[in-house]
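Contents: one structure, followed by commentary.
Residue numbers (UniProt numbering): 1 to 97.
Below is the structure:
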């Protein structure tokens, strides 16, 4: 393979600007994780609770599980036995209960 020659010339000014730009990108990247993680954690928690309930043949939808976590009342199938919402959310590690 031959040597690659970019269609531009790398100058001292470009090299001097690279470090501050990289530092700013690292700063932006580290801050973006702070805001994304709570959302992902909550979405994962809802799916985990939903899956756990489904294994036990409880047909709560994702929306119903979300409503339970938010403290709202949810009507389920009358043929299924009721699940005490607070106890199963505590068992799943919900810190809001």
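Glycine is no exception: its CB is placed at the ideal position from the N, C-alpha and C atoms.
Given residue i, which residues of its chain have a CB within under 6 Å of its CB, disregarding the five upstream and five downstream residues?
i	result
residue 66	46
residue 50	62 and 65
Where residue i and residue j are concerned, what is the direct C-alpha to C-alpha distance, given to the nearest angstrom?
i	j	result
residue 44	residue 37	10 Å
residue 75	residue 54	16 Å
residue 70	residue 60	15 Å
residue 6	residue 16	18 Å
residue 41	residue 48	10 Å
residue 19	residue 39	32 Å
I'd like the list of long-range same chain contacts for residue i, defined as Cβ closer than 8 Å, with 5 residues on each side in sequence excluded.
i	result
residue 77	59
So does residue i have its beta carbon nearer than 7 Å to some heavy atom of the ligand NAP?
i	result
residue 40	The ligand NAP is absent from the structure shown, which contains no ligand whatsoever.
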